[in-house]
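For reference, the structure discussed in these notes is given below.
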Amino acid sequence: MSAAANVIVLRDGRTLRYLETGDPSGRPVFLLHATLGSKLVYGPHAADAAERGIRLIGHDRAGYGGSTAMPGRSIASEAADVRELADALGIDRFAVWGNSTGGSLALACASALSGRVVAVSSLAGVAPYPADGLDWFAGVDPAIVSDFQFFQREPVAWRLKMARDVKEMRALTQRQYSESLSGSSSGAERTILSPELLAFAFGQMQDGLSGGPAGFIDDYVAGVTAWGFDVGTIRVPVQLWHGAEDPMVPLTHARWLAAQLPDADIHLEPGEGHVSLFAKKIPEVHAWLLSHF
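With our numbering as the guide, the letters of the sequence shown map in order to residues 15 to 307.
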């Protein structure tokens, strides 16, 4: 399938940029990228999709890359954009997977699109904030906690800082980015940070941030405000993956989500981190999603 990106115009006038890979006549699966991501699809994932007969579709979330920003969007908002993209492509039934922030958005699709979504898979996702019975920041990197406190205390200054951070990230060379990512990763992550994966992560970040800081900022705000749906009401088949050595999202988040979804297919993986699930487990995700069509 052609790797050229396409654009649709949504009902509210926003644009949404998307990319199709894999098998053009295969089962449709939408992938939802992490924060600092974009429509771009990791090469091994596209190859696995083609081999399995999956039409794999990625898109720039609102505010990233070629998609218009949507200030004030919630986690639930993503489901409406996925619905419109599916409509534009003539797709009735489909599956969804997302990693990190994309995992939360996949759950939003499970909640809002139960008549069309056959199954969803969430990798390294966070729990809603706040969540009853969960100390949301327990085990979280102190720098992340400090940033959240800054956001609550001085939201305008925080937004300016985020915009500066994006400008600095866009100025990084691939070598600088790779060294930064390798230096901040856990042992479980370093073993899978191949040149191919590092090049993809850098390219996806630059592609996503090409539209400016709006997507990054709105992702953060959406993640620490009400999601707009109750996880416990989801009835679509769900698969949850989480690494026991995830340095970014504590395992307690996955356990909380698992408790809300007692019938979910749960994978709490010893020895795995945040990025390693994305690098290693997508073939298993694809196989599981296909089994539900």
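Backbone N, C-alpha and C fix where the C-beta goes; we use that ideal spot for every residue, glycine too.
Would L211 and A293 qualify as a contact pair, given that the criterion is a beta-carbon distance under 8 Å?
Here residue 211 corresponds to residue number 197 of the sequence shown, with the count starting at 1. Here residue 293 corresponds to residue number 279 of the sequence shown, with the count starting at 1. Contact: yes.
How many angstroms separate the CA atom of R113 from the CA atom of G139?
Here residue 113 refers to the residue found at position 99 when the sequence shown is read from its first residue. Here residue 139 refers to the residue found at position 125 when the sequence shown is read from its first residue. The sequence given here has Asn at residue 113, not Arg. Between N113 and G139, the C-alpha separation is close to 6 Å.
Using a Cβ-Cβ cut-off of 7 Å (strictly less than) and excluding sequence neighbours within five positions of S128, which residues of its own chain qualify?
As a working note, residue 128 is residue 114 in the sequence shown. Same-chain partners within the cutoff: R249 and V250.
Quick one: which unbroken beta strand (DSSP E) runs of 3-plus residues sit fully inside the region 164-207? Chain order, please.
none
What would DSSP say about R31, mapped onto helix, strand or coil?
Here residue 31 refers to the residue found at position 17 of the sequence shown. Three-state DSSP puts R31 in a strand.
Bridge-paired residues (DSSP) for H256:
Here residue 256 refers to the residue found at position 242 of the sequence shown. Partner(s): L282.
When DSSP builds the beta bridges, which residues end up paired with Q72?
As a working mapping, residue 72 is identified with position 58 in the sequence shown. The residue asked about is misnamed: residue 72 is Gly in this sequence, not Gln. G72 pairs with L33 and L45.
Tell me whether F162 sits in a helix, a strand or coil according to DSSP, three-state version.
Here residue 162 corresponds to residue number 148 of the sequence shown, with the count starting at 1. DSSP places F162 in helix when its eight states are reduced to three.
In angstroms, rounded to a whole number, what distance separates the CA positions of F44 and W172?
Translated into the one-based positions of the sequence shown, residue 44 becomes position 30. Translated into the one-based positions of the sequence shown, residue 172 becomes position 158. One C-alpha to the other measures close to 32 Å.
Considering only their Cβ atoms, is the gap separating G77 from D37 smaller than 8 Å?
Position 23 of the sequence shown, counted from the start, is the residue given in the question as residue 37. Position 63 of the sequence shown, counted from the start, is the residue given in the question as residue 77. Not closer than 8 Å, so no.
At what residues does the beta strand (DSSP E) containing I105 begin and finish?
Counting from 1 along the sequence shown, the entry for residue 105 is found at position 91. Taken as a continuous stretch (DSSP letters only), I105 belongs to no beta strand (DSSP E), as it is neither H nor E.
Can you say whether V21 is buried or exposed, counting buried as having 16 or more other CB atoms within 10 angstroms of its CB?
The residue given as residue 21 occupies position 7 in the sequence shown. Result: exposed.
Can you tell me which of G153, I206, A272 and S91 puts its alpha carbon nearest to the alpha carbon of K295?
Translated into positions along the sequence shown, residue 295 becomes position 281. That would be I206, whose Cα lies nearest to the Cα of K295.
Check W150 in the structure and name its three-state DSSP category.
The residue given as residue 150 occupies position 136 in the sequence shown. Note: W150 maps to coil in three-state DSSP.
Considering only their Cβ atoms, is the gap separating R87 from A236 smaller than 8 Å?
Here residue 236 refers to the residue found at position 222 of the sequence shown. Here residue 87 refers to the residue found at position 73 of the sequence shown. By the CB criterion at 8 Å, A236 and R87 fall inside the cutoff.
Going by DSSP, what residues sit across from W302 in a beta bridge?
The sequence position of residue 302 within the sequence shown is 288, counting from 1. Looking at the DSSP assignment, W302 forms no beta bridge with any residue, so it has no partner.
C-alpha gap between P297 and R167, whole angstroms:
Mapped onto the sequence shown, residue 297 falls at position 283. Mapped onto the sequence shown, residue 167 falls at position 153. Between P297 and R167, the C-alpha separation is close to 43 Å.
On the criterion of 16 or more Cβ atoms from any shown chain inside 10 Å, does Q163 qualify as buried, or is it exposed?
The sequence position of residue 163 within the sequence shown is 149, counting from 1. It counts as exposed.
Please identify the residue among A228, D232, H267 and Y234 whose C-alpha is closest to the C-alpha of V245.
Within the sequence shown, numbered from 1, the residue matching residue 245 stands at position 231. Closest by alpha carbon: H267.
Looking at the secondary structure, which residues open and close the beta strand (DSSP E) in which I22 lies?
Start at 1 with the first residue of the sequence shown, and residue 22 comes out as number 8. For I22, the enclosing beta strand (DSSP E) covers residues N20 to V23.
What does a CB cutoff of less than 6 Å around W302 pick up in its chain, not counting 5 residues either side in sequence?
Taking the first residue of the sequence shown as 1, we reach residue 302 at position 288. Only Q253 meet the Cβ criterion.
Residue range of the unbroken alpha helix (DSSP H) whose run includes V289:
Counted from its first residue, the sequence shown places residue 289 at position 275. Counting along the chain, the alpha helix (DSSP H) containing V289 begins and ends at H288 to K294.
Just the C-alpha distance for A177 and L282, rounded to the nearest angstrom, thanks.
Locating residue 177 in the sequence shown gives position 163, counting from the first residue. Locating residue 282 in the sequence shown gives position 268, counting from the first residue. Each residue's alpha carbon lies about 35 Å from the other.
Measure the beta-carbon distance from D221 to S118 and round it to whole angstroms, keeping in mind my assumption that it falls under 8 Å.
Counting from one through the sequence shown, the residue named residue 221 turns up at place 207. Counting from one through the sequence shown, the residue named residue 118 turns up at place 104. Contact doesn't hold; Cβ gap of about 21 Å is too wide.
On the three-state DSSP scale, how would you describe L137?
The residue labelled residue 137 in the question sits at position 123 within the sequence shown. Correct three-state label for L137: strand.
Helix, strand or coil for W241? Go by DSSP, reduced to three states.
Residue mapping note: residue 241 aligns to position 227 of the sequence shown, counting from 1. The answer is coil: DSSP assigns W241 none of H, G, I, E or B.
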